[in-house]
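First comes the structure, then the notes that go with it.
In this note's numbering, the protein residues as written are 1444 to 1726.
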């Protein structure tokens, strides 16, 4: 039992070190968003570490502060002594304050911890909004019970490169180009199911130097011919997105905890970054 406990603590410590390294490389603007505006000397990257750790351990704000204060090696990484940690409310405010840009930066850096081959896949999944703000639901006159989340995944080791969240469930052919093209410099090919079947999307990918691996809906014999020309091995790696979706929901649940839609989007982005770091530390 003692050996298992040591292994667990070593894994947690590696997780903390990885996140600390990523967070300290954030842009100055991102660090300012995370930092305590009251000027209490608690740096933005330290907020990021504790917020990632909270999601990794599925803990409440109070629990993660108490736990981190008792871990000597974690205190050393954060350069903090007992009693110097932020109040749980301060940590909560840091999460609310930081924009999606901050969490996207962290997500992108976390993906770099895993090997990438430039062959990516895209697919959508859904997260439950059990804590959705009733005010928000009344304002839009609609009961939105799930968030559509589109993940862009590199197929080498399943690194999540980017994502898109929406409460309006937009057409996949509208989201696909938005997510893929802002990552065009890192992609050689993109695999997607028939939900992304759109000739303009394929043309946009080709113009960006990305090989489209998107199955055609079959309406005529030539659609079979188009599908037959798709590289089966590369297209088959599209299942990586399903594996990532499944793994995230097994580890972190299928429902978000935040109440407002904008914090729910940030929470899902944070979860994706945590997933990448977890995969890297387990290897």
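We put the CB at the ideal spot given by N, CA and C, even for glycine.
Worksheet item: In this structure, does DSSP put residue 1653 in helix, strand or coil?
Response: In the structure shown, residue 1653 falls within a coil segment according to DSSP collapsed to helix, strand and coil.
Worksheet entry | Helix, strand or coil at residue 1597 [DSSP, three-state] | Collapsing the DSSP output to three states places residue 1597 in a strand.
Item to complete: Measure the CB-CB distance between residue 1521 and residue 1565 and report whether it falls below 8 Å.
Response: In this structure, residue 1565 does not lie closer than 8 Å to residue 1521 by Cβ.
Worksheet item: What does a CB cutoff of less than 8 Å around residue 1546 pick up in its chain, not counting 5 residues either side in sequence?
Response: For residue 1546, the CB contacts under 8 Å within the same chain, skipping 5 residues up- and downstream, are 1709, 1712, 1713 and 1716 in chain order.
Worksheet entry | Boundaries (first-last residue) of the beta strand (DSSP E) holding residue 1609 | Segment 1603-1609, the beta strand (DSSP E) holding residue 1609.
Item to complete: Kindly identify the DSSP beta-bridge partner or partners of residue 1591.
Response: In the DSSP output, where bridge partners are listed per residue, residue 1591 has 1569 and 1609.
Discussion item. I need the DSSP call for residue 1562, collapsed to helix, strand or coil.
Written reply: Here residue 1562 sits in strand by DSSP.
Worksheet item: Hey, how far is the Cα of residue 1627 from the Cα of residue 1512?
Response: Going from the Cα of residue 1627 to the Cα of residue 1512 covers about 42 Å.
Worksheet item: When we look at the beta-carbon of residue 1452 and count the other beta-carbons within 10 Å, is it buried (16 or more) or exposed?
Response: Result: exposed.
Worksheet item: Is the CB-CB distance between residue 1479 and residue 1531 below 8 Å?
Response: No, the pair does not count as a contact, with Cβ atoms beyond the cut-off.
Worksheet item: So, helix, strand or coil for residue 1473, using DSSP?
Response: Three-state DSSP puts residue 1473 in a helix.
Fill in: Simplified DSSP state of residue 1698, which is helix, strand or coil
Secondary structure of residue 1698 (DSSP, three-state): strand.
Worksheet entry | Collapsed DSSP secondary structure at residue 1446 in the structure displayed | Reliability fails at residue 1446, whose pLDDT of 43 lies under 50, so the model's placement of it is uncertain and the value that follows must be treated cautiously. Looking at residue 1446 - three-state DSSP - the assignment turns out to be helix.
Worksheet item: Buried or exposed: residue 1682, going by 16 or more other Cβ atoms within 10 Å of its Cβ?
Response: So residue 1682 counts as exposed.
Worksheet item: Can you pull the DSSP bridge partners for residue 1532?
Response: Looking at the DSSP assignment, residue 1532 forms no beta bridge with any residue, so it has no partner.
Worksheet item: Run through DSSP, which three-state label would residue 1633 get?
Response: Assigned with DSSP and collapsed to three states, residue 1633 falls in strand.
Worksheet item: With a CB to CB cut of under 7 Å and the five nearest residues on each side skipped, what residues in its chain are close to residue 1655?
Response: Excluding residues within five positions, the ones whose Cβ falls inside 7 Å are 1633, 1645, 1648 and 1649.
Worksheet item: Can the beta-carbon of residue 1618 be found closer than 8 Å to that of residue 1687?
Response: In terms of Cβ geometry, residue 1618 and residue 1687 do not form a close pair [threshold 8 Å].
Worksheet item: At a cut of 8 Å, does the region 1554-1571 reach the region 1493-1505 through at least three beta carbon pairs?
Response: Three or more Cβ pairs closer than 8 Å define a contact, and the region 1554-1571 falls short of that threshold against the region 1493-1505.
Worksheet item: Which term fits residue 1445, buried or exposed, when burial requires 16 or more other beta carbons within 10 angstroms of its beta carbon?
Response: Since pLDDT at residue 1445 reaches only 42, below the 50 mark, its modelled position is unreliable, and the value read off the structure follows with that caveat. Counting of Cβ neighbours within 10 angstroms places residue 1445 among the exposed residues, the total staying below 16.
Practice prompt. Determine the direct distance from the alpha carbon of residue 1718 to that of residue 1458, and round the result to whole angstroms.
Written response: The straight-line gap from Cα to Cα measures roughly 11 Å.
Worksheet item: So what's residue 1486 in DSSP terms, helix, strand or just coil?
Response: In the three-state reduction of the DSSP assignment, residue 1486 falls in the coil class.
Worksheet item: At which residues does the alpha helix (DSSP H) containing residue 1618 begin and terminate?
Response: 1615-1624 is the extent of the alpha helix (DSSP H) around residue 1618.
Fill in: For residue 1508, the first and last residue of its enclosing alpha helix (DSSP H)
1504-1513 is the extent of the alpha helix (DSSP H) around residue 1508.
Worksheet item: Between 1658, 1725, 1643 and 1504, which lies nearest to residue 1533 when the distance is taken from Cα to Cα?
Response: Comparing Cα-Cα distances from residue 1533 to each of 1658, 1725, 1643 and 1504, the minimum goes to 1504.
Worksheet entry | Cβ shell of residue 1543 (< 7 Å), same chain only, five flanking positions each side left out | So the qualifying residues of the chain are 1708, 1709 and 1712.
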